[in-house]
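These notes concern the structure reproduced below.
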Amino acid sequence: MMMRKIQLPFTQTQKVRYERAIERLQSLSSTVNSDASVIVTDTIPVNHEDAFLKGHGTSEVDGELLATVCGVVERVDKLVYVRTLRARYKPEVGDIVVGRVIEVAQKRWRVELNFTQDGVLMLSSMNMPDGSQRRRTSVDELNMRNIFVEHDVVCAEVRSIQHDGSLQLHARSQKYGKLEKGQLLKVDPYLVKRSKHHFHYIESLGIDLIIGCNGFIWVGEHVEVRDPVMMIDDQKDAEMISSSSSTKEQSHTPLETRQNICRIGNAIRVLSNLGFTVTVEVITETLNLSNSKNIDIHNMLGSEFHVVVAENEAERRREKRKK
Amino acid sequence: MYFCLNCVVIMVACSVGEQHFLKGGIAQELRTDGRKRLTYRHTYVETGVIPQANGSARVRIGGTDVIASVKAEIGRPSSLQPDKGKVAVFIDCSPTAEPTFGGRGGEELSSELALALQKCLLGGKSGAGAGINLSSLLIKEGRVCWDLYIDGLVISSDGNLLDALSAAIKAALTNTALPKVQVSAEVADDEQPEIDISDEEYQQFGTSSVPIIVTLTKVGEHYIVDATEEEESQMSSAVSISVNRAGHICGLTKRGGSGLDQSVILDMISVAKHVSETLMNKLDSKISKIHKQLVDSIVYGSLFKVEIKHNKLHEKIVISFGSRD
């Protein structure tokens, strides 16, 4: 486990507790991989008799294979490469990502994903507002702005990676689409591990949590996934309502939901500062910890809570190990 | 004392839904990171970060990180004010904060910040109402005085730059030690007197009257203190008020296009006075804590003469304390 340098100033006792917690975490992590981590100019142990391919982050100097970046050595069949930790997002087909629309272009939207290139969401990869399945006409193209505008936060799935490296996204299911009523958080992509579920609905709090594989996490009020047929009637109602109400006082998020959203947001910020993997279990664990200790939402970002979370995480992993 | 700025607003991408969530949070007194409207983010102060400068400090308010340094040089007082020293404030926005600050991009913002700080710290043209006591910088009337160059560097920007810079400047000034100067000989009127700058004796700079700036950002119907970049991008207007320990207003700056009613401004001033008290106390206690640690070590160092010898034979370092002569 990589020890991250934290920007918060700790008092002497806090520093001691924090270092002890990190030591325990490091001892708990699997020792098999501990010799696989390398820094620049470390020699990578390779059996020279076998034919091997030199991948990214390696270079052959004087017959020795040296690492040129700091990271973990990965071996896939004959390929040996060094995977860096704090890299940009590395996409795979089928990843769920959360991104921000930067541009509305011809028949497509360009989405920022914390990747080396922008993702492209084609108009044809997006469901029509009335739910019909038909060929997109030029009228649809002119009405693209009714679906997504610049700066909108969208949730989509990676459909394919083009030969030049750019991503094609699609949002063909009801659970994808525009995200409103919440906040977007950014963490390092390596903290999000791929799993079966990225959409989490925390029922007890009424909150939607979408953990994008690219490190963008959406925390917001729960929105019911609607049937497209019902959407047509609802849209007509919505039009009537919006035209009648002149003020923009749409219903504000209820205070309790908002408190929960802020707590979860801060929990994710704390985990990101400490460099722990962000999963629903850890987030709910941190949330319950802050609730049980009656910590004020804003004080979750203070030094004391960071130390408490580190200690708690060490405990939790030890418990898991024992089972 | 009062003037308007057309500030460069750093655009942060924010969708309509997020804007609504933000404004709703401010209206309900629960901002996106859980703060109340008048709460500051966690503030960290470090002094003495630049050893070559006479005084320096680094202040971190949430994601905003700034460094201020004070350098003192011997100069000649201006003929209009022969009994006062000179102070100049320069701010630099580093490209590490925002890529747009590279090259000449950050110039506009830097000059605006420098102007606002100068007005708040130095008062009017005649020197009246200055937060920094310029007469204390005088060495010999009309001939020799200290020139203070205060430089601010913005390393990371997450909103509320003025507050962070003013806190950093105050901390840097508290950290400033001006060497004692002796004017050696009496000379004729048109010649520069000889001066002897002491290496050992220093005088601390008095900063009890230096003001700090509190910025109130109006978003929708309410005002918040210490806005993050996201919140600043949604503001209609912002008023930065500089308050000193006595609760007096030393300067006022308004940014943003929308106009404000006079009752709103008066209300903002009273809120700022109230908030500045807590902020000033927090800042002073943090600075004095650092100072105490520093003073303890200096006092200890001056009581004993410390001799360090490297014993090559036994490969160890021997530190001996002797009484000071």
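Chains as they are written, first to last, in the UniProt record's numbering: chain A, 1 to 323; chain B, 1 to 325. We put the beta carbon where it would ideally sit given N, CA and C, even for glycine.
Check whether residue i and residue j have beta carbons under 8 Å apart
i: G24(B); j: H252(A); result: yes
i: L167(A); j: G119(A); result: yes
i: G55(B); j: N133(B); result: no
i: E304(A); j: Q14(A); result: yes
i: V219(B); j: Q234(B); result: yes
i: A57(B); j: K71(B); result: no
i: A272(B); j: I224(B); result: no
i: L30(B); j: R258(A); result: yes
i: G85(B); j: D147(B); result: yes
i: A68(B); j: I139(B); result: no
i: I179(A); j: L121(A); result: As written in the sequence, residue 179(A) is Leu, which differs from the Ile given in the question. The answer is no: Cβ separation not under 8 Å.
i: S37(A); j: V72(A); result: yes
i: E141(A); j: K107(A); result: yes
i: D226(B); j: Y40(B); result: yes
i: G212(A); j: H198(A); result: yes
Same chain, Cβ closer than 7 Å to residue i, neighbours up to 5 away in sequence not counted
i: G142(B); result: P77, P82
i: S110(B); result: I91, D92, C93
i: M280(B); result: I212, R245
i: L113(B); result: I91, L161, L162, L165
i: G177(A); result: V154, C155, A171
DSSP bridge partner residues for residue i (one or two, in chain order)
i: P179(B); result: Y202(B)
i: M122(A); result: R108(A)
i: L184(A); result: W218(A)
i: G152(B); result: A68(B), I91(B)
i: T284(A); result: DSSP lists no partner for T284(A).
i: D208(A); result: Y201(A), G220(A)
i: V264(B); result: Paired residues: none, contrary to the question.
i: A67(A); result: T58(A)
Residue i classed as buried or exposed, judged by whether at least 16 other C-beta atoms fall within 10 angstroms
i: G62(B); result: buried
i: N172(A); result: Looking at the sequence provided, one finds Arg at residue 172(A) rather than Asn. Burial call: exposed.
i: I197(B); result: exposed
i: N143(A); result: exposed
i: V278(A); result: buried
i: V307(A); result: buried
i: V16(B); result: exposed
i: R321(A); result: exposed
i: E249(A); result: Residue placement at E249(A) is poorly supported in this model, since its pLDDT is 47, which falls under 50; the coordinates still yield a value, given next. Exposed.
i: residue 329(B); result: Beyond the ends of chain B as shown, which are 1 and 325, falls residue 329(B); an answer cannot be given.
i: L161(B); result: buried
i: P9(A); result: exposed
i: H310(B); result: Note that H310(B) scores a pLDDT of 44, beneath 50, so its modelled location is shaky; the value from the coordinates is reported in the next line. H310(B) should be labelled exposed.
i: S290(A); result: buried
i: E221(A); result: buried
i: L80(B); result: exposed
i: D130(A); result: exposed
i: I39(A); result: exposed
i: S203(A); result: Reading off the sequence, residue 203(A) comes out as Glu, not Ser. It counts as exposed.
i: T278(B); result: exposed
Close beta carbons around residue i, own chain, < 6 Å, minus the five adjacent residues each side
i: S276(B); result: V214, V243
i: S246(A); result: The predicted position of S246(A) is uncertain, since its pLDDT is 34 and thus under 50; a value taken from the coordinates is nonetheless stated next. Cβ neighbours of S246(A) beyond the five flanking positions: none.
i: S166(B); result: I212, I213
i: N260(A); result: L205, I207
i: D158(B); result: G62, G63, T64, T228, E229
i: Q235(A); result: Confidence is the limiting factor: at Q235(A) the pLDDT is only 48, short of 50, which leaves the residue's position unreliable, though a coordinate-based value still follows. There are no such residues.
i: residue 333(A); result: Given that chain A is displayed from residue 1 to residue 323, the structure contains no residue 333(A) and the question cannot be resolved.
i: H200(A); result: L209, V280
i: H42(B); result: none
i: H20(B); result: none
i: Q118(B); result: V89
Cβ neighbours of residue i in the same chain (closer than 8 Å, five flanking residues each side left out)
i: Y202(B); result: A177, L178, P179, K180
i: residue 324(A); result: This structure gives no information on residue 324(A), because the portion of chain A shown stretches from 1 to 323.
i: K36(B); result: E29, L30
i: L301(A); result: N266, R269, V270
i: F115(A); result: R88, Y89, P91, L167, N214
i: R263(A); result: L287, S290, N291, I297, M300
Contact with chain E by residue i, beta-carbon distance below 8 Å
i: R258(A); result: Chain labels in this structure do not include chain E; the protein chains are A and B.
Any non-hydrogen atom of the ligand FMN within 7 Å of residue i CB
i: I224(B); result: No copy of the ligand FMN occurs in the structure displayed, which carries no ligand at all.
### Message
Taking contact to mean 3 or more Cβ pairs, one atom from each stretch, closer than 8 Å, check whether the region 202-212 of chain B and the region 41-51 of chain B are in contact.
### Response
no
### Message
So, does the region 128-137 of chain A touch the region 56-71 of chain A, judging by three or more C-beta pairs under 8 Å?
### Response
no
### Message
Contact between the region 148-159 of chain A and the region 107-124 of chain A is defined here as three or more beta-carbon pairs at a separation below 8 Å; is this criterion met?
### Response
yes
### Task
Report yes or no: do three or more beta-carbon pairs, one from the region 78-88 of chain A and one from the region 304-316 of chain A, lie closer than 8 Å?
no
### Message
Tell me whether the region 184-200 of chain A and the region 278-295 of chain A touch, counting them as touching only if at least three CB pairs, one residue from each stretch, are closer than 8 Å.
### Response
yes
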